[in-house]
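Residue numbers for the sequence shown follow UniProt numbering, so the first one is 5 and each next one is one higher. For every residue, glycine included, the Cβ atom is placed at its ideal position computed from N, Cα and C. In this text the structure is predicted, and so the values were computed from the model without any measurement. Read through the structure below, which is laid out as structure tokens, and then see the notes.
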Amino acid sequence: SNLDTLYRQVIMDHYKNPRNRGELDENDALTINMNNPSCGDRIQLHLQVENDQVVDAKFTGEGCSISLSSASMMTDTVKGKSIEEALEISGIFSEMVQGKEYDDEKYDLGDIEALQGVTKFPARIKCATLAWKAMEKGLDE
Ligand code: FES
Ligand code: FES
5 SNLDTLYRQV IMDHYKNPRN RGELDENDAL TINMNNPSCG DRIQLHLQVE
55 NDQVVDAKFT GEGCSISLSS ASMMTDTVKG KSIEEALEIS GIFSEMVQGK
105 EYDDEKYDLG DIEALQGVTK FPARIKCATL AWKAMEKGLD E
């Protein structure tokens, strides 16, 4: 459908022109490593948190178009959010990629809804959630 085509374009745009690719100074930021055991792909996420707010987020790593585009979208999404908001959006994203009903009204989900097509490819759900799991792990600490 046209929507599938649009979503594919959004994913490829994030894959080819990743937002927030890079590193943050370890003195200011948490570093979280996360890999997808089923394929070996890995990302390294850097989160700068001040006063319960994610003030900056960057990532490096190797992976497929789904995992890297998702990392790009995730970092864009959580920047400026409180820890609580970032974790809540991660929960919404997780429900979305599992094909469950999800709340699309509380937050402006922006580009991340482009990844809802992964529900048709269960093996790729882990690709889509890789960066989000890293973010959750970092914020839980
Ligand atoms: Fe192709 Fe992960 S790189 S499925
Ligand atoms: Fe490895 Fe997608 S195939 S993260």
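Please state whether DSSP places residue 55 in a helix, a strand or coil. Against the sequence shown, residue 55 aligns to sequence position 51. It is coil, neither helix nor strand.
Leaving out five residues before and five after residue 19 in sequence, what residues of the same chain have Cβ atoms less than 8 Å from its Cβ? Stepping through the sequence shown from its first residue, residue 19 is reached at position 15. Cβ within range, chain order: 69, 72, 73 and 76.
Proximity test, residue 39 beta-carbon vs ligand 2 heavy atom, cut-off 6 Å: Residue 39 sits at position 35 when you count from the first residue of the sequence shown. False, no ligand heavy atom lies under 6 Å from that Cβ.
Roughly how far, in whole angstroms, is the beta-carbon of residue 32 from the beta-carbon of residue 67, given that I think they are within contact range, below 8 Å? Counting from 1 along the sequence shown, the entry for residue 32 is found at position 28. Counting from 1 along the sequence shown, the entry for residue 67 is found at position 63. Residue 32 to residue 67, Cβ: 25 Å. No contact.
At a cut-off of 6 Å, is residue 76 close to ligand 2 when judged by its beta-carbon and the heavy atoms of the ligand? Working through the sequence shown from its first residue, we reach residue 76 at position 72. Checking every heavy atom of ligand 2 against the Cβ of residue 76, none is found closer than 6 Å.
Are any of the Cβ atoms in chain D nearer than 7 Å to that of residue 43? Although the question refers to chain D, the structure presented lacks it and comprises just one protein chain.
Identify every residue that forms a DSSP beta bridge with residue 154. Limits of the chain in this structure are 5 at one end and 145 at the other, which puts residue 154 out of reach.
Say the cut is 6 Å; is the CB of residue 158 nearer than that to a heavy atom of ligand 2? Given that the chain is displayed from residue 5 to residue 145, the structure contains no residue 158 and the question cannot be resolved.
Comparing the CB of residue 84 with every heavy atom of ligand 2, is any distance shorter than 6 Å? Taking the sequence shown and counting its residues from 1, one reaches residue 84 at position 80. Answer for residue 84: no, Cβ out of range of ligand 2.
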